[in-house]
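Shown next as structure tokens:
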């Protein structure tokens, strides 16, 4: 049985369709990423799954529980980290964790040791005595994740967990997410950081305009945009002059000039390097680098969604400034 | 058991985070005290016992409606209220926990004028048990009205503005300052649609025997108001906060 099953999920706000009939499954123990720009429908989707928003249509099941009918039962299995930290500013870290544990019915003798354990795990033991309002952004995010884990949930929802925080905290959070996966926790992660999704997600769904345009593992997604083979050559000669000659010599190939004035040779079938190197040798041209090019997840995202990667980068920069 | 743990901890958190903060404690003392002094200065020869039902009612009404509307709106704007909505506890438990802290604050507010009055008049004739329950019912209904405001407001200032829209008319229509019988005919039915009318009438009966309605009837009507307001609040939270 899947941990999360979403079928034909829809959400409209008046005339605006935020989520347009999406379906996907999240397997037990995997990290599933929803990747898309702001406004793609990531948060709307997560809010419907966690029961904070009512779907206009479709079905959601978490661990076999119908979220629409048994919301509270399903929520008991979930740990939720929203895109903005939502703990209590006036309370210290330890009290915040204990309060969150109490909301899940944990007794005092259960919640206090668990809160201490999590503070230690997140390296917040000292900070645990300080009010939440005195925390840095990275610390706030870490404590919010700790609060979501207080009742040892079966599934963790992370909405943009590393947006707007420092590099070191982002790295720690990514390591922690991978650690939780190894401990058997299922994770749904939304992000607009392509490299983050590529690095930690087992499977990814590209979300654009409320629709899933592609989903699969990283290699599966990249496979969909791999149409041929490409090799990049960095030579000591003028690339513009060499390109037509190279193309004539190797029929069926297409030779282009790279942004760094390198030569990029694309062929339908994999090209052996030896004849190409012989060509350069005959011409007395030095070759400093030859590298087979593979499409990146970013290439796959751009091609499959039609959204320029610059849009995601701008959002990343905005996130970094927040 | 699980619900009880959540209920108790929400109540404890609210009392610690909001109601026991110095500004709110001082509000809880200064506000009723100011009303008391204002009334005494306005009518120096007036009997404190005549003023007491009005002072108690006003203190409870203003204390409870302000506090709940403001604290919930504050928690919503900081998104910490989402944490409560996402917890595996029923909306009934959540609503009860949120109003319980305010009700306690209202009870504290109510007994400030009683405390000061006790220095000037003999309160032995007061029926304490019934008065306590009357104050409790006023506090519960006012808290639920505060919750209704919180559901409609997005910002703290909106909550404060909205609450004044019904608090002041209610104060002048509930028979505390002007007997209902002396109100214009078209306003009298409105008076009987306000929970404060019944709570204030019980207090008037218990403090100086000037009630116009049977206390049993007033309690019954207050109970109906409580149930209705609770159901409306729950339904509004469900409708407006779980979008």
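Protein chains in written order, with my numbering: chain W, 13 to 334; chain D, 3 to 245.
Every residue gets a Cβ at the ideal spot worked out from N, C-alpha and C, and that includes glycine.
(1) Using a Cβ-Cβ cutoff of less than 8 Å, which residues in the same chain neighbour residue 172 of chain D once the five nearest sequence positions on both sides are dropped?
(2) Distance cutoff 7 Å, beta carbons only. Does residue 7 of chain D sit that close to anything in chain W?
(3) Within the 7 Å Cβ cut-off, does residue 50 of chain W reach chain D?
(4) Provide the residue span of the alpha helix (DSSP H) that contains residue 71 of chain D, from first to last.
(5) Please confirm if the region 166–174 of chain W is in contact with the region 106–114 of chain W, defined as three or more CB-CB distances below 8 Å between the two stretches.
(6) Can a CB atom of chain D be found closer than 7 Å to the CB of residue 111 of chain W?
(7) Do residue 61 of chain D and residue 112 of chain D come within 7 Å of each other at the CB atom, strictly closer than that value?
(8) Checking the sheet assignment: what are the DSSP bridge partners for residue 266 of chain W?
(9) Rounded to whole angstroms, what is the Cα-Cα separation between residue 51 of chain D and residue 131 of chain D?
(10) On the DSSP letters alone, give me the boundaries of the alpha helix (DSSP H) that residue 304 of chain W sits inside.
(11) Roughly how far, in whole angstroms, is the beta-carbon of residue 54 of chain D from the beta-carbon of residue 182 of chain D, given that I think they are within contact range, below 8 Å?
(12) In terms of residues, what are the limits of the alpha helix (DSSP H) holding residue 133 of chain W?
(13) Counting only C-beta atoms, is residue 122 of chain W closer than 7 Å to chain C at any point?
(14) Which two residues bound the contiguous alpha helix (DSSP H) that contains residue 241 of chain W?
(15) Any idea what DSSP makes of residue 13 of chain W, helix, strand or coil?
(16) I'd like to know whether the C-beta of residue 4 of chain D is nearer than 7 Å to at least one C-beta of chain W.
(17) When you compare each of D:43, D:85, D:8, D:106 to residue 22 of chain D by their alpha carbons, which one comes out closest?
(18) Got a sec? Which residues, its chain only, sit under 6 Å from residue 334 of chain W by beta carbon, not counting five neighbours each side?
(19) My output table needs one value for residue 98 of chain W: the three-state DSSP class, helix, strand or coil.
(20) How about residue 251 of chain W and residue 269 of chain W: are their beta carbons less than 7 Å apart?
(21) Rounded to the nearest angstrom, what separates residue 221 of chain W and residue 50 of chain W at their Cα positions?
(22) Between residue 117 of chain W and chain D, is there a C-beta pair that is closer than 7 Å?
(23) I'd like to check one pair, residue 105 of chain W with residue 140 of chain W: are the Cβ atoms closer than 7 Å?
(24) Can you give me the start and stop residues for the beta strand (DSSP E) that residue 70 of chain W sits inside?
(25) When you compare only the Cα positions, how much space is there between residue 93 of chain D and residue 315 of chain W?
(26) Do residue 175 of chain D and residue 141 of chain D have their C-beta atoms closer together than 7 Å?
(27) Looking only at its own chain, which residues have a Cβ that is under 7 Å from the Cβ of residue 147 of chain W, when we skip the five neighbours before and after it?
(28) Could you spell out the range, first to last residue, of the beta strand (DSSP E) harbouring residue 223 of chain W?
(29) Classify residue 90 of chain W as helix, strand or coil using the three-state DSSP reduction.
(30) Please identify the residue among D:9, D:68, D:41 whose C-alpha is closest to the C-alpha of residue 29 of chain D.
(31) Taking DSSP as the reference, what is the three-state secondary structure of residue 40 of chain W?
(32) Can you tell me the Cα-Cα spacing of residue 144 of chain W and residue 98 of chain W, whole angstroms?
Inspection of the coordinates gives the following:
(1) Translated into positions along the second chain, residue 172 of chain D becomes position 170. Excluding residues within five positions, the ones whose Cβ falls inside 8 Å are 63, 196, 198.
(2) Working through the second chain from its first residue, we reach residue 7 of chain D at position 5. Put simply, the CB of residue 7 of chain D is near chain W, with a gap under 7 Å to one of its CB atoms.
(3) Residue mapping note: residue 50 of chain W aligns to position 38 of the first chain, counting from 1. Residue 50 of chain W does not count as touching chain D.
(4) Stepping through the second chain from its first residue, residue 71 of chain D is reached at position 69. If you look at residue 71 of chain D, you'll find it in the alpha helix (DSSP H) that goes 50–79.
(5) With a cut-off of 8 Å, the region 106–114 of chain W and the region 166–174 of chain W do not count as touching, because too few Cβ pairs lie within range.
(6) Indexing the first chain from 1 puts residue 111 of chain W at position 99. Yes, its Cβ sits closer than 7 Å to a Cβ of chain D.
(7) Counting from one through the second chain, the residue named residue 112 of chain D turns up at place 110. Counting from one through the second chain, the residue named residue 61 of chain D turns up at place 59. Yes. Within cutoff.
(8) Translated into positions along the first chain, residue 266 of chain W becomes position 254. Beta bridge pairing from DSSP links residue 266 of chain W with W:278.
(9) Residue mapping note: residue 51 of chain D aligns to position 49 of the second chain, counting from 1. Residue mapping note: residue 131 of chain D aligns to position 129 of the second chain, counting from 1. Each residue's Cα considered, the two are about 17 Å apart.
(10) Taking the first chain and counting its residues from 1, one reaches residue 304 of chain W at position 292. No alpha helix (DSSP H) holds residue 304 of chain W; the beta strand (DSSP E) holding it covers 299–305.
(11) Here the question's residue 54 of chain D lines up with position 52 in the second chain. Here the question's residue 182 of chain D lines up with position 180 in the second chain. About 19 Å separates the two Cβ atoms, so there is no contact after all.
(12) For the purposes of this step, residue 133 of chain W is taken as residue 121 along the first chain, with counting starting at 1. For residue 133 of chain W, the uninterrupted alpha helix (DSSP H) segment begins and ends at 120–133.
(13) The chain labelled as chain C is not found among the protein chains of the depicted structure, namely W and D.
(14) Translated into the one-based positions of the first chain, residue 241 of chain W becomes position 229. First-last for residue 241 of chain W: 241–247, but that is the beta strand (DSSP E), not the alpha helix (DSSP H).
(15) Sequence index remark: in the first chain, residue 13 of chain W carries index 1 (1-based). Three-state result, residue 13 of chain W: coil.
(16) Mapped onto the second chain, residue 4 of chain D falls at position 2. Yes, because at least one Cβ of chain W sits closer than 7 Å to the Cβ of residue 4 of chain D.
(17) Position 20 of the second chain holds residue 22 of chain D. Looking only at D:43, D:85, D:8, D:106, the smallest Cα-Cα distance to residue 22 of chain D is reached by D:106.
(18) For this step, residue 334 of chain W is matched to residue 322 along the first chain. Model confidence at residue 334 of chain W stands at a pLDDT of 36, short of 50, so the residue's coordinates are unreliable and nothing is read from them.
(19) As a position in the first chain, residue 98 of chain W is number 86, starting the count at 1. Here residue 98 of chain W sits in coil by DSSP.
(20) Walking along the first chain from the start, residue 251 of chain W turns up at place 239. Walking along the first chain from the start, residue 269 of chain W turns up at place 257. Contact: yes.
(21) Within the first chain, numbered from 1, the residue matching residue 221 of chain W stands at position 209. Within the first chain, numbered from 1, the residue matching residue 50 of chain W stands at position 38. Taking the straight line from one Cα to the other gives about 10 Å.
(22) Start at 1 with the first residue of the first chain, and residue 117 of chain W comes out as number 105. At least one CB of chain D lies nearer than 7 Å to the CB of residue 117 of chain W.
(23) Numbered from 1 along the first chain, position 128 holds the residue referred to as residue 140 of chain W. Numbered from 1 along the first chain, position 93 holds the residue referred to as residue 105 of chain W. Against a cut-off of 7 Å, the Cβ pair of residue 105 of chain W and residue 140 of chain W comes out as a contact.
(24) Here residue 70 of chain W refers to the residue found at position 58 when the first chain is read from its first residue. Here the beta strand (DSSP E) through residue 70 of chain W covers 69–74.
(25) Here residue 93 of chain D refers to the residue found at position 91 when the second chain is read from its first residue. Here residue 315 of chain W refers to the residue found at position 303 when the first chain is read from its first residue. Approximately 46 Å between the Cα atoms of the pair.
(26) Looking up residue 175 of chain D in the second chain gives position 173. Looking up residue 141 of chain D in the second chain gives position 139. No.
(27) In the first chain, counting from the first residue as 1, residue 147 of chain W sits at position 135. Correct list, in chain order: 139, 155.
(28) Here residue 223 of chain W is taken as the residue at index 211 of the first chain, counted from 1. Following the DSSP letters along the chain, one finds residue 223 of chain W inside the beta strand (DSSP E) bounded by residues 223–228.
(29) Indexing the first chain from 1 puts residue 90 of chain W at position 78. Of the three classes helix, strand and coil, the one that applies to residue 90 of chain W here is strand, per DSSP.
(30) Stepping through the second chain from its first residue, residue 29 of chain D is reached at position 27. Per the C-alpha coordinates, the member of D:9, D:68, D:41 positioned closest to residue 29 of chain D is D:68.
(31) Indexing the first chain from 1 puts residue 40 of chain W at position 28. Reduced to three states, the DSSP call for residue 40 of chain W is coil.
(32) By 1-based counting over the first chain, the position of residue 144 of chain W is 132. By 1-based counting over the first chain, the position of residue 98 of chain W is 86. Straight-line Cα distance between these residues: approximately 10 Å.
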